[in-house]
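Numbering (the numbering used here), first residue to last: 1 to 1202. Below is one structure, written out as structure tokens; the observations come after it.
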Amino acid sequence: MRFIRPYLFSLLIILSFKSRSQNPFCFNGLSDNDFYLNGIANFNRLESIDLNYDGYLDIISRDNITGTNINVYYGNSSANYSIPVTFTVGGAISNILLADFNNDGIIDLFCAAGGNLTVLPGNTLGGFNGPIFSQSVGTPFKVATGDFNNDGKKDIALMYSSSIQLYLGTGNCTFIANGSNGFISSTSNFFNDLNNDGKTDAFATANKIISVFQTNTFGYMNPSASYTLGANIPDGCVINKDFNNDGYLDIIATNSLAINVLFNDGTGNFLAPVIYLAPSTSIKSITDGDFNNDGYLDLAVANYSLKTITTYTNNGAGVFSGATNIYAGNLPFKIISKDLNNDGNADLVGLNYTGAFRFLGNGTGGFGTASFFAVGKQYINIHGIADYNNDGNVDIAIAEINSSNSLVIIKGKGSGDFNSSDNFETIDNPGASRIISDDFNNDLKKDVAVLDYDSAKVSIYAGNNNGKLNKITSFTVPASPAMMVSGDFDNDGYKDIAVSGMAFGVFIYKGSASGTFSYFSGVGIPYAGGLDKGDFNEDGKIDLVVTNYGNNTVWPLLGNGNAGFASSAGFSAGNCPSIVIAKDFNNDSHLDLSIMSSCGGAETLTVLFGNGASGFSAATSYSLGVSSQDQKSADFNNDGHPDIAVSNSYGGNLSVLLGSASGNFTSNILYALGSTVSDGLVTGDFNNDGNTDIAIASIGTRILKGNGNGTFSLSTSYYLGGNGSAYVAEDFNNDGALDIVSSAIGVLLSKAPVISISGLNTACIGSTIALTASGANSYSWSTSATGPTILVNPTVTTTYTVTGINGTGCSNVAVKTISVIPFTASTLNITGANTLCSTYATTLTANGASTYTWSTGSNGSAISVNPIINTTYNVTGTDANGCPNSAQKTITVAALPIVNITGTTVACANSPISFTASGASSYTWSTGSNATVMVTTPTITTIYSVAGTGTNGCVKTSTYNVNVFSTPTMVISSATTAICKGSSLTLTGSGSPTYTWSTGPTTQTISVSPVINSTYTLSGNTGFCIGSKTIQVSVNPLPTVTVNNPVICTGGTATLTAGGANSYTWSTSAITNSIIDSPPITTTYTVTGTNSFGCIKTNIATIYVAAPVNASITASAPSVCTGGSVTLTAGGINTFTWNTNQNSVSIIVTPIVATTYTVSGVVGSCPGTTTISIGVDQPPTTALAGSNQTICINNPAITLSG
């Protein structure tokens, strides 16, 4: 029977990634981001240090297999300590210790091994040389090092059950025994300089007693004092630090009654303990840290039974107050203080029996809410908190309690969080035996229901599409539940749950909109076990089917549509039926049954064919493996017919039976997994290749990759700390890929890449849109572009797709559709004056759009302008869809007359003076005079003005200041006080008839061109008084405009990229920092850059177009006779590819007819090709005429004609 409770007790969501085209499996199990170091020894046989000085922590451990070797795991950037280097010691190792025992600056290794003291000197490579010293020392339970006799050399202390033995170092890795001292049997030992004499002292805790031993000049440890507390002191509950800031080390020891503070009296002995009432009777660990950043060490204790951490604040004198409790999860037993997020504040990290937890400190003594990190197994201690992969973030090394003695490195993120928390959700169901998924709270997201055999309850966990599950409710069921299924049994729109059990039959629990459930009814089926649902009588209502383990039958339970069910006839189902699946196996549109049976070592699969009226035909049986656990049905060979997979526990294998159109199955195909499997089995296309895969519990979670033909390849194994007893596969994080929920303990460390595209959803025709993808490491767009950002200018509505790939090689896809809309306004124009006197104002009005933006920065249809030079005004109008159009108007500016006033500038009161105006055709003075020369008698300092009208009708007003025996008030006017470097600024003075500038000029107006921030002073003199004024002129830097000068081949394309400014204007009228062009010849481009100060600078860029490649072929002859050869030699190119498939510069050809030969090649990166034709000359046709003739030897000449 397969309804026994499971032996694993947590739930893990394995989030899948959408795969790239190679279709790897992209589940992110513990092995993906953290590291298990298996086979290490326990804590007194494990150390970590940077042995080879490469910046990464190395781990040194006893080899737990041989027990006589030392393994060194050298660190690297990924904290993957996979392959050890082994050093032989020669005896059973009980303790190891690392220190520089020969003062050469290199770490050496001490081992208590085989009853001997053995030292392996370190070398410069980070390894160890052979042992050079060995002495019989027995088997100490703990070792320590220190300079006990203050001679600058490392000594060793060996702790036994009732004594301590000192060995004094000689400085060359050898030691001399120095006697022993009696110890009571101790649980903790500490070695420090307690009396500040430079020698290492010790104290030990045993039961209620703290015993102090002080080292004398000769390196002997003598008992000094002992202190009895009110209760036994647990291991890990003692701290030896200076808590009252007097320069001496104090002791804090906790027990079930109190927190005991023993202050050092300055001699290495201690005052009577100061007692604080313990927050609980189950303190398991204590740590210190400056939690409020006041320079004093505060305390934190772990309260095992209260599930809390209690913190205390130190006032600097060793007085603790302000006990504050914070929740730390299930049974915390280890606590350490460390800055986890690099913010300078002390944080807390610890272990409980669910996993690890952390609290982030705020620097004022407070801590945030706990975050929990499951670590895959049950762990006994935190080995170290350090940066194991040298990425600048704190990691945690945790040692395992079980027989494999493992070490796990949980990598930190630098934010105080650790990778193990990303997608893991701890679910408190220690007897989780079955898991199903459905939308139980009607939020259109997949939820999970967990059936707990031990506590006889069903827990509902709500999904939220990000891979997390939150418990929303649980309800009890009768004892020893076996299976459950969900469905809307009463047609009210809410999912209900049916639970089977051998002792009670089948119980129905009705669901609600909130995801809660209540008991509704039950059906009494004896020995009820396997359970599934389906419409067996085809009346449109959900029925159930349940196995009867007691009489070897299977029973359809017909639903009435109101969550009520009635049993009908039972059908024979093989011996001890356990798991049942309802599916149409023979393609007759009626539901059939597959029943897995396991009894007395005879495992079978029984198939019953349904008739659509809740009846089933005689059984067909198939043999399975040993101890079958679970079955699932899917189409494994893509033939459209359901197949069946069965997990076999003791056989350590998987049975696959392939179905057919007739409903018959092939014989059992076994896939060996190499280890015992548990109940867990689930199917799905986990790598998005279109084939069904299988996930099965075997040394974690083993994925068998479906090949699409009914065969499987053993693939990735995700180690989760154990085997899952139940699985379900759904897309829990809404990334389009199947995820897995497992009941195995474990940690999941990272999320699937969730790709998003930012950018506009609509665009006007002709506009350029930037689309930016995020969420992955690299990107590939449907436009063939790569990188996170692309620029597009669609002319029609277009959908863009990007594929993002993360660091694990897994990918996901995002799409963005840009709707393109045209500009609907037919015309856009500007009305207003075309000609204007300089500085005069006029109104320009735009028409033809909905909104307007002017080149002046104004908005609205009308603006008022007063140009001083010929100026073109641009307006951009947008229609109701937001699409732009533009128009412009140029105003011609008529010059103002240059009106000057001459005359005296200093006058006495009531004395007549005269002024003469010039530069205009007519004048109007501020006194009312219209004469060219105006006479007046001022009584006080007076400013006179004259408005001069030019021949073009434009009026300009000038002013003139007459000072009457008064100190001038000087004024400096300028258009601005900040200019760009290299520019000029006009400074205009007023307030005095004469002006003297600090730069030398004596004019009212000067032009300055400072290169640095400068101060200018103006002085004025009336003849009686002098006045002055200063002005600060700031000089803003010009942008440093940089630009590249690429080289292309004829017809090629190059990108010119400018830098060093905020905005750019190219000679091509482009205004982006980069332009793309394909000039036919070498072309020069001008780019003008403007920085944040508005200063501009121009640079020149050139696209060099390489000359066309002129390939040539030289022939040794233009033609050949039949059978003759010619040598062809290529020129003008550097590589050679002939159409004869030859690649040399010269080739020899023997054409039989006139033939054209082609050669191609490149010069640099530019290609060239050419051809040559070789003619073939035919030989002449000859014949001899005449009859045969005979010649004499002495007359050889004869004439032949032909």
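Ideal Cβ positions, reconstructed from N, Cα and C, are used throughout, including at glycine. Source: prediction; values computed, not measured.
The C-beta separation of Ser594 from Ser578 comes to about 12 Å, leaving the pair out of contact by the 8 Å criterion.
Residues Ile49, Leu51, Leu98, Ala99, Asp100, Gly122 of the same chain have their beta carbon placed closer than 8 Å to that of Ile107, with the five preceding and five following residues left out of the count. Taking the Cα positions, Ser929 is about 28 Å away from Thr1005. Under a 10 Å Cβ-count criterion, Val899 is classified as buried, with 16 or more other Cβ atoms of the shown protein chains found around its own Cβ. Under the rule that a run must span 3 or more residues, the beta strand (DSSP E) segments found entirely inside the region 536-570 read 543-548, 553-559, 565-567.
The secondary-structure analysis by DSSP pairs Asp592 across a beta bridge with Lys583.
Apart from the 5 residues on each side of it in sequence, Val546 sits with its Cβ closer than 6 Å to the Cβ of Ser500, Val506, Ile525, Ala528, Leu531, Trp555 in its chain, given in chain order.
Within the DSSP secondary-structure output, Leu1128 pairs in a beta bridge with Ala1115, Ile1147.
Bridge pairing for Cys1166: Val1163 [DSSP]. Under the three-state reduction of DSSP, Phe175 is assigned to strand. The shortest CA-to-CA distance from Lys199 to any of Thr215, Asn733, Glu538 is the one to Thr215. Secondary structure note for Cys908: it is in no beta strand (DSSP E), with a DSSP letter that is neither H nor E.
Around the beta carbon of Pro84, 16 or more other beta carbons lie within 10 angstroms, which makes this residue buried. A residue is called buried once 16 or more other Cβ atoms fall within 10 Å of its Cβ, and Ala513, having fewer, is exposed.
Within the model, the alpha-carbon separation for Ser974 versus Asn1045 is close to 41 Å.
For the options Ala833, Ser850, Thr851, the alpha carbon positioned closest to that of Leu844 is the one of Ala833.
Excluding its 5 nearest sequence neighbours in each direction, Lys583 has C-beta neighbours in its own chain below 6 Å: Ser633, Pro642, listed in chain order.
Counting along the chain, Phe110 sits inside the beta strand (DSSP E) bounded by residues 108-113. With a beta-carbon spacing of about 7 Å, Lys208 and Ile233 fall inside the 8 Å limit used to define contacts. Our two residues, Asn69 and Ala204, have alpha carbons roughly 30 Å apart in a direct line. Burial is judged here by how many other beta carbons sit within 10 angstroms of a residue's own beta carbon; Ser1165 has fewer than 16 and is exposed. When C-beta atoms of the region 261-271 are compared with those of the region 324-343, fewer than three pairs fall below 8 Å, so the two segments do not count as touching. The beta-carbon separation of Phe504 and Pro478, rounded to 4 Å, stays under the 8 Å limit for a contact.
Between Ser780 and Thr803, the C-beta gap is smaller than 7 Å, which places the two residues in contact. Around the CB of Gln1032, fewer than 16 other CB atoms lie within 10 Å, so the residue is classed as exposed. Using a Cβ distance threshold of 7 Å, Ala1101 and Tyr1085 count as a contacting pair. As a beta-bridge residue in DSSP terms, Met221 pairs with Thr215. Counting C-beta pairs closer than 8 Å gives three or more between the region 244-260 and the region 302-317, which meets the contact rule. Exposed is the label assigned to Ile1148, since fewer than 16 other Cβ atoms lie within 10 Å of its Cβ. Burial check for Pro993: the Cβ neighbour count within 10 Å reaches 16 or more, so the residue is buried.
Listed in chain order, the alpha helix (DSSP H) elements of length 4 or more contained wholly in the region 862-934 amount to none. Within the DSSP secondary-structure output, Leu451 pairs in a beta bridge with Arg434, Val458.
For Gln631, the pairing in a beta bridge is given by DSSP as Val646. DSSP places Lys307 in the coil class of the three-state scheme, outside both helix and strand.
For Tyr1104, the uninterrupted beta strand (DSSP E) segment begins and ends at 1096-1105. In this structure, the CA atom of Ile818 is about 11 Å from the CA atom of Ser758.
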